[in-house]
Amino acid sequence: MTKTKVAVLISGRGSNMEALVRAAQDPACPFEIVLVVSNKPEAGGLATAQAAGVEAVAIGQREFAKDREAHERAINAVLRARGIQVVALAGYMRILTPFLVNAWEGRMLNIHPSLLPKYPGLDTHGRALQAGEVEAGCTVHLVTAGVDEGPVLGQARVSILPGDTEHSLSDRVLEQEHRLYVAVLAAFCRDLAGV
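My numbering numbers the first residue of the sequence shown as 10 and each following residue consecutively.
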């Protein structure tokens, strides 16, 4: 089986990236993680990727001052040079410009810690708790120009328990993120390959 070449973009510790890398080690997995890119050279996930035998590249945003598109062009050049077919955003904490969104239209996924369309953007767990929601969760969606507005590819739900804090809810949602992202990316890559 020819596996779909996936790059993961991260900004921090990369726990979702790590889940994807682990899943890709299964011979039956339809994707392989061939590259991890971070906009922050100090991101802990870079070392995690390297330890798993995955190429890890830091393309620091500070070097590009405020020229976000130039930064994305540098990222895109690395993605193209490695023959990447699908891009998975996993805790990539930067709003993309139309350049990168358009360059990877229909082939860039993101995971978000809420049941979209509820609570796009930041502080999703705090907002859900403050609103008195009875459930939270996570969403994998295609990336489009609007922040967290792309078509939903999959969701996982988590009950909000009495006494939940942002931290306790975040931990339970993160467990579901790791499962959901693997399942949705696998299905997406199978569809892409026509399998």
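Ideal placement from N, C-alpha and C gives every residue a C-beta, glycine not left out.
DSSP three-state assignment for residue i, whether helix, strand or coil
i, result
"methionine 117", "strand"
"isoleucine 93", "coil"
"isoleucine 42", "strand"
"leucine 170", "coil"
"valine 191", "helix"
"leucine 164", "Reading the sequence as shown, one finds glutamine at residue 164 and not leucine. Three-state result, glutamine 164: strand."
"threonine 133", "helix"
"leucine 98", "strand"
"threonine 57", "helix"
"serine 177", "helix"
"isoleucine 19", "strand"
"serine 47", "strand"
Span separating the alpha-carbon of residue i from that of residue j
i, j, result
"glycine 62", "glutamate 41", "12 Å"
"leucine 151", "serine 179", "22 Å"
"glycine 159", "leucine 194", "15 Å"
"glycine 172", "alanine 79", "46 Å"
"arginine 181", "threonine 133", "13 Å"
"aspartate 76", "asparagine 48", "13 Å"
"alanine 60", "phenylalanine 197", "26 Å"
Buried versus exposed call for residue i [16 or more other C-beta atoms within 10 Å across all chains shown]
i, result
"proline 36", "exposed"
"isoleucine 104", "exposed"
"histidine 176", "exposed"
"glutamate 72", "exposed"
"leucine 131", "exposed"
"glutamine 139", "exposed"
Contact belief for residue i with residue j at Cβ below 8 Å, rounded distance in angstroms
i, j, result
"valine 15", "methionine 26", "Wrong, their Cβ atoms sit about 10 Å apart, outside the cutoff."
"methionine 117", "leucine 88", "Incorrect: roughly 10 Å between the Cβ atoms, too far for contact."
"threonine 13", "proline 39", "6 Å"
"arginine 166", "leucine 124", "7 Å"
"glutamate 186", "isoleucine 120", "6 Å"
Spatially closest choice to residue i from the options, by CA coordinates
i, options, result
"alanine 90", "Val66, Phe73 and Gln70", "Val66"
"valine 191", "Leu170, Ala202, Leu162 and Asp173", "Leu162"
"arginine 82", "Val96, Ala97, Thr106 and Glu144", "Thr106"
"isoleucine 19", "Leu29, Gln34 and Glu142", "Leu29"
"tyrosine 101", "Val156, Gly115 and Gln94", "Val156"
Residue i at chain C interface by Cβ criterion, 7 Å
i, result
"leucine 88", "In summary, chain C is missing from the structure at hand, where a single protein chain is found."
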